[in-house]
Each structure stands twice: as C-alpha cells, then as structure tokens.
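Chemist: Position 242 of the sequence shown, counted from 1, bears residue number 242 in full-length UniProt numbering, the numbering being contiguous throughout.
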Amino acid sequence: MLPEQQSPHFNPRDVLDRLGSRLDRFRTHTAADVLIKLFTESFEISGRENLPPAPAIWVMNHTGWLEAVMAHSREVSEEIPYSLAKIEVKGNTEGKFFRALGARFIYVVREEVDRSAIVEMVDKLAEGNNLLYFPEGTRGRGEERVKLKPAHPGFVFIAKKAAEKLNRPFPIVPMTVVGTEDVMGDLDVKKAPLSERMRVRRKPAVLTIGKPFLIYPGRFPKESLDIIAQEIMLAIRDNLPPERHGAYMGVEHLDFPSVDYTFAEGRVIPVYQVLPQKLEQIVRR
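Below, the structure written as structure tokens:
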C-alpha cells in the first residue's frame, strides 16, 4: 500500500507509544524480579486468581520497602501500578532510583488533604490504571513495625470517587505480604552499627491476594469509610500470624454479601459487595 493509501486510522506514533510502553513494562518487571531474587529466599504468590483486571486499588500491609517492589513483579500483573509517595521523595536519591527502574508515582503532601493528588488518583484509575496503596501510612519503628496499625480510610474514598466517575462498581483488592519485615535490618534505627543496618536477611516471602471488595456507586452513610477500611484490613489481618494483628487483634468481621462478579474480558471472580443499603443497615445497628 502506498503512503497516500494508508488507512486514516493508522498512526505511526501510536505504534511507537505501544512499543515504548512494552519496553517500560519489561524494564520495570525485570528490575522488580531481580530485586526480589536478591532480597528473598523465595517468592510465592497465593490467590492470583482473585486479582481483577485493571483498574483496581491494591491495598497492602507495610513493613518495609520490598512490598512495593513485589507489586511490580511480572508474576503479579503485566500492568505497572501507580504508587503514592510523599512529595519529599520526588527529588531525593530513593525517588530517582525507583523512577529510573520505571516506578510511577503520584506525589502527596502529607499531614493535609491533598486535593490535587486525590484528583490525580481518581483520574489515573478512570484511565484504566491500578493504584498501589498502603493504608497504614507508615512502617512504624522497632518491634511495632511488623504489627498492623489503624488504617487511614482515604483509599475507600478514592474507590468511591472512581466508582462514581466510571458509573460502575470499583474493586479494592486486599494483599498481605509476609517475609519482608527484616530484609535489611531496621533501617530506622539510626544508632545501630551500619553493618547491622545493612545486613541482608533473606527469608521466604509470600504475597496473598484476597477476594476483592466491590464498591458500588451511591450515597454512603458518613461513618461508612471507616467501616469499609476496617473490613478490608481484617482481610489482610487474616493472612498474618496472630502476633502481627496489632490494632485489629480480636476485631470481628462484618457480613458483606459474597457473589460471583463478571469483570472485563468475561472474567468471573468472587467478590464482597459493598452496597449503600448494606452499609445503612450496619450503621443503624
């Protein structure tokens, strides 16, 4: 076909963009898998069948830097998730290192409601991207670092906004990681000898992907964000040993309906339905 006869829908830039995107994914997946190989004895994924197609919010417990790396493994997903990072990371060595490996960040101003970051998160989700979210917000220090801390419910608000923008139910996926808590000692203990802080402790690591919670569009009761966040944290807790249950020790589950839901590409996955009417019933108790 001569150039002037090419389809009006053909755009060489689109081809180059797709090729660049594939190369970016290859670079990021490869870097993540190499780091996992270096810093763990083994890496196992359980519940891979529970992961819905993008977009979704992936919610993880947080004890160290390696959890975020695991979320970028080729074994988890072909898609590269966006991650949240405090604005200070944008110009420091850590941020530059992970960006060079292909990490995609949404920068957040801490200790305040960063409305521009909220808008960016919802927009990225609406465009079909996944978002990695650590609801505990911080890793803590010392022995308390490995225990679950109370979750900030902002991720539920983001999912609700995404559901409203897309006008369809939106999934939040609980993910539990064990085996990453002491990979390089406690780097937060500045007084420890450098040799101790930098000593690599390779252990078997397991990432468990739980059944998604499907947030339905609609008007939610005011208290519902905390209720949903707690239930999702309990799903994470259930895959941790009791000594790590922390703030969620002894907390009982609520009863959300469980159904088979058909996602894009015809994939059927069991989910928990988070419905406005069900939340009304819970709040009235």
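For every residue, glycine included, the Cβ atom is placed at its ideal position computed from N, Cα and C.
Any idea if PRO169 is buried or exposed, counting beta-carbon neighbours within 10 angstroms, 16 or more meaning buried?
Modeler: Buried is the call here.
Chemist: What are the boundary residues of the beta strand (DSSP E) that includes LEU132?
Modeler: Element bounds for LEU132: 131-133.
Chemist: So what's LYS222 in DSSP terms, helix, strand or just coil?
Modeler: Three-state result, LYS222: coil.
Chemist: Between the C-alpha atoms of ALA85 and ARG27, what's the straight-line distance to the nearest angstrom?
Modeler: Whole-angstrom Cα-Cα distance: 21 angstroms.
Chemist: Among residues of its own chain, excluding the 5 on either side of LYS147, which ones have a beta-carbon nearer than 6 angstroms to its beta-carbon?
Modeler: So the qualifying residues of the chain are ARG244, GLY246.
Chemist: Does the distance from the C-beta atom of PHE105 to that of SER83 stay below 8 angstroms?
Modeler: It is a contact, given that the beta carbons lie within the stated cut-off.
Chemist: Taking the runs of the beta strand (DSSP E) that are 3 residues or longer, which of them lie wholly in the segment 83-110?
Modeler: Counting whole runs of 3 or more residues, the segment 83-110 contains the beta strand (DSSP E) stretches 104-108.
Chemist: Rounding to the nearest angstrom, what Cα-Cα distance links GLU41 and GLY250 in this structure?
Modeler: Using only the alpha carbons, I get a separation of about 32 angstroms.
Chemist: Tell me the DSSP secondary structure of ASP260 in three-state form.
Modeler: Residue state, collapsed to three classes: strand.
Chemist: What's the C-alpha gap between GLY179 and PHE98?
Modeler: Whole-angstrom Cα-Cα distance: 21 angstroms.
Chemist: Given LEU2, which residues of its chain have a CB within under 8 angstroms of its CB, disregarding the five upstream and five downstream residues?
Modeler: Model confidence at LEU2 stands at a pLDDT of 46, short of 50, so the residue's coordinates are unreliable; what they give is reported in the following sentence. So the list is empty, once near-sequence residues are dropped.
Chemist: Can you name the residues that DSSP bridges to MET60?
Modeler: Answer by DSSP bridge pairing, in chain order: MET175.
Chemist: Which partner residues does GLN230 have in the DSSP bridge list?
Modeler: Beta-bridge pairing links GLN230 to no other residue.
Chemist: Rank LEU51, LEU38, ASP24 by C-alpha distance to the C-alpha of VAL183 and give the top, closest one.
Modeler: Residue LEU38 is the option with its Cα nearest to VAL183.
Chemist: Excluding sequence positions up to five away, which residues of its chain have a Cβ less than 8 angstroms from the Cβ of ILE36?
Modeler: Once the five neighbours on either side are set aside, the close Cβ partners of ILE36 are PHE43, LEU66, VAL69, MET70, SER73, ALA205.
Chemist: Between the beta-carbon of GLY210 and the beta-carbon of PRO257, is there less than 8 angstroms?
Modeler: Contact flag unset, no.
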